[in-house]
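In the working numbering, the protein residues as written are 1433 to 2063. Beta carbons are placed, not taken as given, at the ideal position from N, Cα and C, and that holds for glycine.
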């Protein structure tokens, strides 16, 4: 590896040749392929200084774009430290913040307030009611995700996910939602990009104004760009095309936001004169960890070919890589807690990464019970607060004769029975007769409500674990889980059902079982609070999703639950979806500097109670590393 020992005084003496060439790029388009730990932020900040001090480019003509507010602040801070804050005229911002400023400065009537999540849900709920469609919280959340996906694409041929509830009504729901949002005079976060693109396409004067203001563009994490952001950027950078992008196609993991690695993979097609620079040296991970990451990602077909080299060998320290298979999840979590308890001083430099928040919450319970402090930016819920458990508890309370309005409202359309919320309106105590009375002129709906009530009474005569099974398989709740548009969570949802059934076997009486759950929830809540109090100074192990770990690094990384149906998730079917899931594992592995622990569960049955759970297909190149752990 060549290191630049005679670099200009402006640069660190350890700048390598690819970094230096990228920093010195003058005009026109350029793409920097920057793998994990390759010093991309260093390159961007040094290039900014070089552009101003060596090429004389006015700092006010430079725009630096990132994908998150925290990244923009960090980039700006690094640049100010480097230059002693001499060039505050350089503009740093996210795509959304920049587009919002363009819109506000150009259209004086443009809304200046974003809708809150509560307002979005309220507008969507009203839209569904206006269209005569029944709703529930899960359906609302899935529909909001699909609306966001549409807004980040806006193709004329856009088609909603066919498994989506109300897929056939999506166009009408979208139209009604947008109409009500306009009446509120607030904007959705996902409106900014399409609105800005429309402005640039229809207002030549405004477009020219911003082309004059910004001549040089630097874009970080370019692999995360979506189609509309690409089109806006393409408009703004013409005719000079002084566009300098930095990213790694192997770390493109935000497809659910509309991000597409193709805009990076086809960069030379869009900009034939573009220069390419490959930052191939990894200063973060030990060579053994990097080898595992490369073996995994090389299975992807649609990517730039790369062969990164580890530079930081951590002299005097042994790299530790362990790969284990477990009979049960409990054993997996138990061994992890045992390791963390034995290494309390390393907690702050350790992270446990999961595919979903649900898995994070389950691990948090185990850590809390073991008295191990942890940090988690995500909102944690105990197992008993998972949506599936809350639904089943509501069904059981109805079955036991406790007819509460909130419980009936929660499950009346799980599965969809087309029962209107208006049937539960009105003051005074709630009763099943209230709903029957509402539908007394509608024979079909009357029979549906009557059937639901009869099934609840039948469940109430069963033992608690049999009642849960009857709700899931006899009353159609399993059908609801399959058709809510959340295929990725179906496996975890059924695992929750199975776990609850096993617990219920210990307490046959439904009411006694429900009372026991209340006590367990109190104990878990207290344990979580105690664990957080141990971690007031942020000295606990980091607990987060793989997506949230993007951009971070740790001495020690644990990757449990690497099973089929989890990673890749069950919803990933097409080749692009599978490849994105593999990139997610690559991102997770490359967060580790010195120690990496991989594991999966092999002995338990899958969600359907059929075959044993399988290791993730992404582990195939490294399966020889795995040892069976009897715990």
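- Completely contained beta strand (DSSP E) runs for the segment 1722-1769, where each covers 3 or more residues: 1752-1758
- Message: For residue 2047 and residue 1574, I'd like the C-alpha separation in whole angstroms.
- Response: Your numbering for residue 2047 matches position 615 in the chain shown. Your numbering for residue 1574 matches position 142 in the chain shown. C-alpha separation (whole angstroms): 28 Å.
- Between residue 1681 and residue 1671, what straight-line distance do the alpha-carbon atoms span, to the nearest angstrom? Reading the chain shown from its first residue, position 249 is the one you call residue 1681. Reading the chain shown from its first residue, position 239 is the one you call residue 1671. When rounded, the distance between both Cα atoms is 26 Å.
- Query: Would you say the segment 1627-1639 touches the segment 1474-1482, given that touching needs at least three Cβ pairs under 8 Å?
  - Reply: no
- Task: May I have the straight-line CA-CA distance separating residue 1694 from residue 1906, to the nearest angstrom?
- Result: The residue you call residue 1694 lines up with position 262 of the chain shown. The residue you call residue 1906 lines up with position 474 of the chain shown. When rounded, the distance between both Cα atoms is 46 Å.
- Message: Just verifying my parser: in three-state terms, what is the DSSP assignment at residue 1812?
- Response: Against the chain shown, residue 1812 aligns to sequence position 380. Coil at residue 1812, not helix or strand.
- To the nearest whole angstrom, what separates the beta carbons of residue 1734 and residue 2013, a pair I think is in contact under 8 Å? In the chain shown, the residue the question calls residue 1734 occupies position 302. In the chain shown, the residue the question calls residue 2013 occupies position 581. Contact between residue 1734 and residue 2013 fails: their C-beta atoms lie close to 13 Å from each other, not under 8 Å.
- Query: What does a CB cutoff of less than 6 Å around residue 2043 pick up in its chain, not counting 5 residues either side in sequence?
  - Reply: Translated into the one-based positions of the chain shown, residue 2043 becomes position 611. Caution applies to residue 2043, whose pLDDT of 47 falls short of 50 and renders its modelled position unreliable; the model cannot decide the point.
- beta strand (DSSP E) segment containing residue 2029, residue limits: Residue 2029 sits at position 597 when you count from the first residue of the chain shown. Residues 2024-2033.
- Task: Could you tell me the boundaries of the beta strand (DSSP E) in which residue 1793 lies?
- Result: In the chain shown, counting from the first residue as 1, residue 1793 sits at position 361. It is not in any beta strand (DSSP E) - residue 1793 instead sits in the alpha helix (DSSP H) that spans 1789-1801.
- Message: Give me the residue from 1709, 1652 and 1596 with the minimum Cα distance to residue 1452.
- Response: The residue given as residue 1452 occupies position 20 in the chain shown. Looking at 1709, 1652 and 1596, the one whose alpha-carbon comes closest to that of residue 1452 is 1709.
- Query: Are there 16 or more other CB atoms within 10 angstroms of the CB of residue 1589, so buried, or fewer, so exposed?
  - Reply: Along the chain shown, one-based indexing puts residue 1589 at 157. So residue 1589 ends up on the exposed side.
- Item | Beta-bridge partners of residue 1807, as assigned by DSSP | Start at 1 with the first residue of the chain shown, and residue 1807 comes out as number 375. Its beta-bridge partners are 1974.
- Message: Since residue 1976 and residue 1797 should fall inside the 8 Å C-beta cutoff, what is the C-beta to C-beta distance between them, to a whole number of angstroms?
- Response: Here residue 1976 corresponds to residue number 544 of the chain shown, with the count starting at 1. Here residue 1797 corresponds to residue number 365 of the chain shown, with the count starting at 1. The Cβ separation is near 16 Å, so there is no contact.
- Item | Unbroken beta strand (DSSP E) run spanning residue 1651, endpoints | Numbered from its first residue, the chain shown carries residue 1651 at position 219. It spans 1648-1651 - the beta strand (DSSP E) in which residue 1651 sits, taken as one unbroken run.
- Query: Per DSSP, what kind of secondary structure is residue 2019 in: helix, strand or coil?
  - Reply: Along the chain shown, read from residue 1 onward, the residue named residue 2019 stands at position 587. Helix at residue 2019.
- Message: What does the alpha-carbon distance come out to for the pair residue 1864 and residue 1884?
- Response: The count along the chain shown starts at 1 and reaches residue 1864 at position 432. The count along the chain shown starts at 1 and reaches residue 1884 at position 452. Between residue 1864 and residue 1884, the C-alpha separation is close to 10 Å.
- Query: So what does residue 1550 bridge to, in DSSP terms?
  - Reply: As a first step, residue 1550 is located in the chain shown; it is residue number 118 there, counting from the start. According to DSSP, residue 1550 bridges with nothing at all.
- Coil, strand or helix - residue 1717 by DSSP: Within the chain shown, residue 1717 is the residue found at index 285, counting from 1. It is coil, neither helix nor strand.
- Message: Just to confirm, is the Cβ distance from residue 1535 to residue 1552 under 7 Å?
- Response: Numbered from 1 along the chain shown, position 103 holds the residue referred to as residue 1535. Numbered from 1 along the chain shown, position 120 holds the residue referred to as residue 1552. No, these two residues do not count as a Cβ contact at 7 Å.
- So, is residue 1764 buried or exposed, given that buried needs 16 or more other C-beta atoms within 10 angstroms? As a first step, residue 1764 is located in the chain shown; it is residue number 332 there, counting from the start. With 16 or more Cβ atoms within 10 Å of its Cβ, residue 1764 is classed as buried.
- Query: In chain order, what residues of the same chain lie with their CB nearer than 8 Å to the CB of residue 1757, ignoring the 5 residues before and after it?
  - Reply: Residue numbering aside, residue 1757 sits at position 325 when the chain shown is read from its first letter. If we look at residue 1757 and ignore the five residues flanking it on each side, its Cβ neighbours are 2031, 2032, 2033, 2034, 2047, 2058, 2059, 2060 and 2061.
- Message: Residues in the same chain with beta-carbon distance under 6 Å from residue 1721, minus the five sequence neighbours each way, listed in chain order, please.
- Response: Working through the chain shown from its first residue, we reach residue 1721 at position 289. 2024 and 2028, listed in sequence order.
- Cross-strand partners of residue 1584 (DSSP beta bridge): Position 152 of the chain shown, counted from the start, is the residue given in the question as residue 1584. BP columns for residue 1584 are empty, so no partner.
- Message: For the alpha helix (DSSP H) containing residue 1462, name the first residue and the last one.
- Response: Working through the chain shown from its first residue, we reach residue 1462 at position 30. From DSSP, residue 1462 is part of no alpha helix (DSSP H) but of the beta strand (DSSP E) over 1462-1466.
- For residue 2059, write down the residues that DSSP places opposite it in a beta bridge. Residue numbering aside, residue 2059 sits at position 627 when the chain shown is read from its first letter. Within the DSSP bridge table, the entry for residue 2059 names 1756 as partners.
- When burial is assigned at 16 or more other CB atoms within 10 Å of the CB, is residue 2020 buried or exposed? Mapped onto the chain shown, residue 2020 falls at position 588. The residue is buried, with at least 16 neighbouring Cβ atoms inside 10 Å.
- Which of helix, strand or coil does DSSP assign to residue 1893? Taking the chain shown and counting its residues from 1, the one referred to as residue 1893 is at position 461. Here residue 1893 sits in coil by DSSP.
- Please determine, among 1641, 1759, 2056 and 1522, the residue with the shortest C-alpha to C-alpha distance to residue 1992. Start at 1 with the first residue of the chain shown, and residue 1992 comes out as number 560. Nearest of 1641, 1759, 2056 and 1522 to residue 1992, Cα basis: 1759.
- Task: Pull up the distance between the alpha-carbon of residue 1989 and that of residue 1649, whole angstroms please.
- Result: Residue numbering aside, residue 1989 sits at position 557 when the chain shown is read from its first letter. Residue numbering aside, residue 1649 sits at position 217 when the chain shown is read from its first letter. Going from the Cα of residue 1989 to the Cα of residue 1649 covers about 35 Å.
- Do residue 1979 and residue 1933 have their CB atoms nearer than 7 Å? The count along the chain shown starts at 1 and reaches residue 1979 at position 547. The count along the chain shown starts at 1 and reaches residue 1933 at position 501. Cβ distance not < 7 Å, so residue 1979 and residue 1933 don't count as in contact.
- Query: What's the call for residue 1737, buried or exposed, on a 16-neighbour Cβ count within 10 Å?
  - Reply: The residue given as residue 1737 occupies position 305 in the chain shown. Exposed is the call here.
- Query: Which residue comes first and which comes last in the beta strand (DSSP E) that contains residue 1708?
  - Reply: Taking the chain shown and counting its residues from 1, the one referred to as residue 1708 is at position 276. From DSSP, the beta strand (DSSP E) with residue 1708 extends over 1707-1711.
- Measuring CA to CA, which of 1555, 1639 and 1647 is closest to residue 1612? To locate residue 1612, count along the chain shown from 1; it is residue 180. Per the Cα distances, 1555.
- Roughly how many angstroms lie between the CA atoms of residue 1407 and residue 1667, to the nearest whole one? The shown model of the chain, from 1433 to 2063, leaves out residue 1407, and the question about it has no answer.
- Message: With H, G and I counted as helix, E and B as strand and the rest as coil, what does DSSP make of residue 1987?
- Response: Position 555 of the chain shown, counting from 1, holds the residue named residue 1987. In the structure shown, residue 1987 sits in a strand (DSSP, three-state: E or B).
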